[in-house]
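**Q** Can you keep this structure in mind? I'll have questions shortly.
Number of protein chains: 2
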Amino acid sequence: MSGLSKNKIKWIRSLQLKKNRDDLGLFLVEGEKMVAEAMRDFPDVIEEVYSTTEMNSQKFSKNVELISETELAQISTLKTPNKSLAILRKAKNKESIKSKGLILALDGVQDPGNMGTILRTADWFGIDTVVCSEDTADIYNPKVIQASMGSMLRMNVIYTSLEHYLATCELPIYGALLEGENVYHRSLEKVGVLVMGNEGKGIRSNIKPYINTPIHIPGFGKAESLNVAVATGILLSEFKRSEG
Amino acid sequence: MSGLSKNKIKWIRSLQLKKNRDDLGLFLVEGEKMVAEAMRDFPDVIEEVYSTTEMNSQKFSKNVELISETELAQISTLKTPNKSLAILRKAKNKESIKSKGLILALDGVQDPGNMGTILRTADWFGIDTVVCSEDTADIYNPKVIQASMGSMLRMNVIYTSLEHYLATCELPIYGALLEGENVYHRSLEKVGVLVMGNEGKGIRSNIKPYINTPIHIPGFGKAESLNVAVATGILLSEFKRSEG
Numbered sequence: 001m002s003g004l005s006k007n008k009i010k011w012i013r014s015l016q017l018k019k020n021r022d023d024l025g026l027f028l029v030e031g032e033k034m035v036a037e038a039m040r041d042f043p044d045v046i047e048e049v050y051s052t053t054e055m056n057s058q059k060f061s062k063n064v065e066l067i068s069e070t071e072l073a074q075i076s077t078l079k080t081p082n083k084s085l086a087i088l089r090k091a092k093n094k095e096s097i098k099s100k101g102l103i104l105a106l107d108g109v110q111d112p113g114n115m116g117t118i119l120r121t122a123d124w125f126g127i128d129t130v131v132c133s134e135d136t137a138d139i140y141n142p143k144v145i146q147a148s149m150g151s152m153l154r155m156n157v158i159y160t161s162l163e164h165y166l167a168t169c170e171l172p173i174y175g176a177l178l179e180g181e182n183v184y185h186r187s188l189e190k191v192g193v194l195v196m197g198n199e200g201k202g203i204r205s206n207i208k209p210y211i212n213t214p215i216h217i218p219g220f221g222k223a224e225s226l227n228v229a230v231a232t233g234i235l236l237s238e239f240k241r242s243e244g
Numbered sequence: 001m002s003g004l005s006k007n008k009i010k011w012i013r014s015l016q017l018k019k020n021r022d023d024l025g026l027f028l029v030e031g032e033k034m035v036a037e038a039m040r041d042f043p044d045v046i047e048e049v050y051s052t053t054e055m056n057s058q059k060f061s062k063n064v065e066l067i068s069e070t071e072l073a074q075i076s077t078l079k080t081p082n083k084s085l086a087i088l089r090k091a092k093n094k095e096s097i098k099s100k101g102l103i104l105a106l107d108g109v110q111d112p113g114n115m116g117t118i119l120r121t122a123d124w125f126g127i128d129t130v131v132c133s134e135d136t137a138d139i140y141n142p143k144v145i146q147a148s149m150g151s152m153l154r155m156n157v158i159y160t161s162l163e164h165y166l167a168t169c170e171l172p173i174y175g176a177l178l179e180g181e182n183v184y185h186r187s188l189e190k191v192g193v194l195v196m197g198n199e200g201k202g203i204r205s206n207i208k209p210y211i212n213t214p215i216h217i218p219g220f221g222k223a224e225s226l227n228v229a230v231a232t233g234i235l236l237s238e239f240k241r242s243e244g
């Protein structure tokens, strides 16, 4: 056990900030299960692995550096650190937005927990492409990664001008809007874009004109709205249920 | 502005702990919107209201105590305190479990954010009764209340031996289980119980034998599971969609 230098600890901790992740092109993945998955499925993008426990993967040829619980606590972003932490290289700019199925578009989703849960849910329903407005929560935020349960590693998530993307998009564009059609009453195309809006404000006024099919989930009780991750799950389920 | 005494601050803060909430039969509701809703809809159970801004309700006859931002920060459980805080009396033991529609049952849901989101979602779908195992997250936990967006105030939430309840229950009992039937392929009764399990472990082995209809949401991608609040939303949507 070699021990982590103060500088190393400081450097790893610096990746908790978006600015440093952007500058260095690196991000953190934590937890034994998620790190093991990354070693198995994405060995080529892993720069370093630190762990309090032995970890092996046939596909991962670099060293796993054994560290103490105390050292892990110093570099972890979690309240309850969980054995392993890896440093991964961010994907290069993925400029092309193409998918053979449904594309999810997010207009300013803010909460990292919601963002991660949305990615996990989209992955469950086989969505491979998510287009985000520039101000949507960063997928490389540790809380997003944690809530996504690793799904963010498998998905093509693009941050761009959502307005520009939708303006040039030739697919049917669905959007979750209170004034939309009852989603239970209409058929949904297999190929298209589903736009979900911000937690408090919904879909912004500059995006609304591009939505050719507004849809909504009817309410039966007194709650004023649904959580955005739950609403995304219900709508994706509606898109997929005829194939299920 | 009279100023809050140190003892008063300490007493209010003590309600952040379940033990003290249970002993005193009181709990905290925060945020201008939720406190205003409580003053409008449940004035009789409000003991005290503290606010940095004037608040009025025709139905609420007690004093709203004006406090400073600094005082609010001292009594608030929120990172970003939001104008108002109220102290409410917990409902008396609600022993009878009766509902004319679907009942939701929770077997050890742990995360307060998930618990609150589940209550908000259930309220949206018109569920009025939620039966919880004793170890399910406390509805009076400030994080549950916040995530429920006030829905917990409107619902009948009962903590009991879930096993005993299900053993004596004569309704059809559905449960979210990986080995369950594809929920898209079967018709669902309007009256019954839907059991959802713990985030990591699912439904426990002592509860499983009571489930006469295991159901599951088919996956299309690589995610191993859905978040429990998202899964609850999708299943409740399936129960309700024929009425929507």
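Chains as they are written, first to last, in the numbering used here: chain D, 1 to 244; chain W, 1 to 244.
In this text, a Cβ means the ideal position worked out from N, Cα and C, and glycines have one as well.
A quick note: this is a predicted structure, and the numbers were derived from the prediction, not measured.
What residues from chain D crowd round Leu226(W), counting only those whose CB sits closer than 8 angstroms?
**A** The answer, in chain order, is Arg120, Thr121, Trp124 and Gly233.
**Q** I want to verify the contact list: residues of chain D whose CB lies under 7 angstroms from the CB of Arg154(W), in sequence order.
**A** Chain D residues near Arg154(W): Lys222.
**Q** What first and last residue would you give for the alpha helix (DSSP H) that runs through Ile217(W)?
**A** First-last for Ile217(W): undefined, no H or E at that position.
**Q** If we ignore side chains and look at the alpha-carbon of each, how far apart do Asn82(D) and Thr136(D) end up?
**A** Each residue's Cα considered, the two are about 27 angstroms apart.
**Q** Name, in chain order, the residues that DSSP records as bridge partners for Gly197(D).
**A** According to DSSP, which records beta bridges pairwise, Gly197(D) is partnered with Asp107(D).
**Q** Between Asn212(D) and chain W, is any beta-carbon pair separated by less than 8 angstroms?
**A** Taking Cβ atoms only, chain W never reaches closer than 8 angstroms to Asn212(D), which makes this a no.
**Q** Ser51(W) to Asn7(W), Cα distance in whole Å?
**A** Ser51(W) and Asn7(W): Cα-Cα distance of roughly 18 angstroms.
**Q** Sort out for me which residues DSSP pairs Tyr50(D) with in a bridge.
**A** Paired residue(s): Glu65(D) and Leu85(D).
**Q** Establish whether the CB of Pro218(W) and some CB of chain D are separated by less than 8 angstroms.
**A** It does: the Cβ of Pro218(W) has a partner Cβ on chain D nearer than 8 angstroms.
**Q** Using C-beta distances below 8 angstroms, list every residue in its chain close to Ile203(W), excluding the 5 sequence neighbours before and after it, in chain order.
**A** Once the five neighbours on either side are set aside, the close Cβ partners of Ile203(W) are Asp107, Gly175, Ala176, Leu177, Val195, Met196, Gly197 and Ile211.
**Q** For Ile9(D), does the three-state DSSP call read helix, strand or coil?
**A** Ile9(D) falls in the helix class under three-state DSSP.
**Q** Taking the straight line between their C-alpha atoms, what separation do you get for Val130(W) and Ile97(W)?
**A** The straight-line gap from Cα to Cα measures roughly 9 angstroms.
**Q** If you measure beta-carbon to beta-carbon, which residues of the segment 184–195 of chain W are closer than 9 angstroms to chain A?
**A** No chain A is present in this structure, whose protein chains are D and W.
**Q** Does any residue of chain W have a CB that is nearer than 8 angstroms to the CB of Gly200(D)?
**A** For Gly200(D), the answer is no, since every Cβ of chain W falls outside 8 angstroms of its Cβ.
**Q** Can you find the residues in the same chain that come closer than 8 angstroms, C-beta to C-beta, to Gly101(W), ignoring five residues on each side of it along the sequence?
**A** Result list for Gly101(W): Gly126, Ile127, Asp128, Lys190 and Val191, in chain order.
**Q** Work out the CA separation of Ile87(W) and Ser14(W) for me, nearest whole Å.
**A** For Ser14(W) and Ile87(W), the distance between alpha carbons rounds to 12 angstroms.
**Q** Output, in chain order, the set of chain W residues within a Cβ distance shorter than 9 angstroms of Met149(D).
**A** Here the neighbours are Ala223, Glu224, Ser225 and Asn227.
**Q** Just to check my reading of the structure: Gly221(D) and Asp41(W) have Cβ atoms closer than 8 angstroms, yes? What is that Cβ distance to the nearest angstrom?
**A** About 14 angstroms separates the two Cβ atoms, so there is no contact after all.
**Q** By the criterion of Cβ-Cβ separation under 8 angstroms, what are the contact partners of Arg40(W) in chain D?
**A** Going along chain D, no residue has its Cβ under 8 angstroms from Arg40(W), so there is no contact; the nearest lies around 12 angstroms.
**Q** From the DSSP output, read off the bridge partner residues of Thr160(D).
**A** Answer by DSSP bridge pairing, in chain order: Ser133(D).
**Q** Check Phe27(D) in the structure and name its three-state DSSP category.
**A** If DSSP states are grouped into helix, strand and coil, Phe27(D) belongs with the strands.
**Q** With a cut-off of 8 angstroms, does the C-beta of Lys59(W) fall near any C-beta of chain D?
**A** Judged by the 8 angstroms Cβ criterion, Lys59(W) is not in contact with chain D.
**Q** Is Arg241(D) close to chain W? Criterion is C-beta to C-beta, closer than 8 angstroms.
**A** Cβ-Cβ to chain W under 8 angstroms: yes for Arg241(D).
**Q** For the segment 24–36 of chain W, enumerate the residues whose C-beta is nearer than 8 angstroms to any C-beta of chain D, in chain order.
**A** Of all residues in the segment 24–36 of chain W, none has a Cβ within less than 8 angstroms of some Cβ in chain D.
**Q** Go through its chain and collect everything with a Cβ distance to His185(W)'s Cβ below 7 angstroms, but skip five positions before and after it.
**A** Excluding residues within five positions, none has a Cβ falling inside 7 angstroms.
**Q** With Leu226(D) as the anchor, note down where its beta strand (DSSP E) starts and where it stops.
**A** No beta strand (DSSP E) holds Leu226(D); DSSP gives it neither H nor E.
**Q** Please tell me whether Gly197(D) has its Cβ less than 8 angstroms away from any Cβ of chain W.
**A** Answer no: the Cβ-Cβ gap between Gly197(D) and chain W never drops below 8 angstroms.
**Q** Quick check: what's the CA-CA separation for Arg21(D) versus Ile207(D)?
**A** In a straight line, the C-alpha of Arg21(D) is about 29 angstroms away from that of Ile207(D).
**Q** Check whether the Cβ atoms of Glu71(D) and Leu4(D) sit closer than 8 angstroms, and answer yes or no.
**A** Their beta carbons are under 8 angstroms apart, which means Glu71(D) touches Leu4(D) by this criterion.
**Q** Measuring straight from C-alpha to C-alpha, what distance separates Asn156(D) and Ile139(D)?
**A** So the two alpha carbons sit approximately 11 angstroms from each other.
**Q** According to the Cβ coordinates, are Ser84(D) and Glu32(D) closer than 8 angstroms?
**A** A contact, by the Cβ cut-off of 8 angstroms.
**Q** When you compare only the Cα positions, how much space is there between Ile9(D) and Met34(D)?
**A** The straight-line gap from Cα to Cα measures roughly 21 angstroms.
**Q** By Cβ distance, which residues of its chain are closer than 7 angstroms to Glu243(W), with the 5 residues on each side in sequence left out?
**A** Closer than 7 angstroms at the Cβ level, and outside the excluded window around Glu243(W), lies no residue.
**Q** Locate the beta strand (DSSP E) running through Ile173(W), then write down its first and last residues.
**A** Element bounds for Ile173(W): Ile173 to Asn182.
**Q** Measuring CA to CA, which of Lys79(W), Leu166(W) and Asn141(W) is closest to Ile103(W)?
**A** When each option's Cα is compared against that of Ile103(W), the closest is Leu166(W).
**Q** Distance cutoff 8 angstroms, beta carbons only. Does Ser84(D) sit that close to anything in chain W?
**A** By this cut-off, Ser84(D) is not an interface position.
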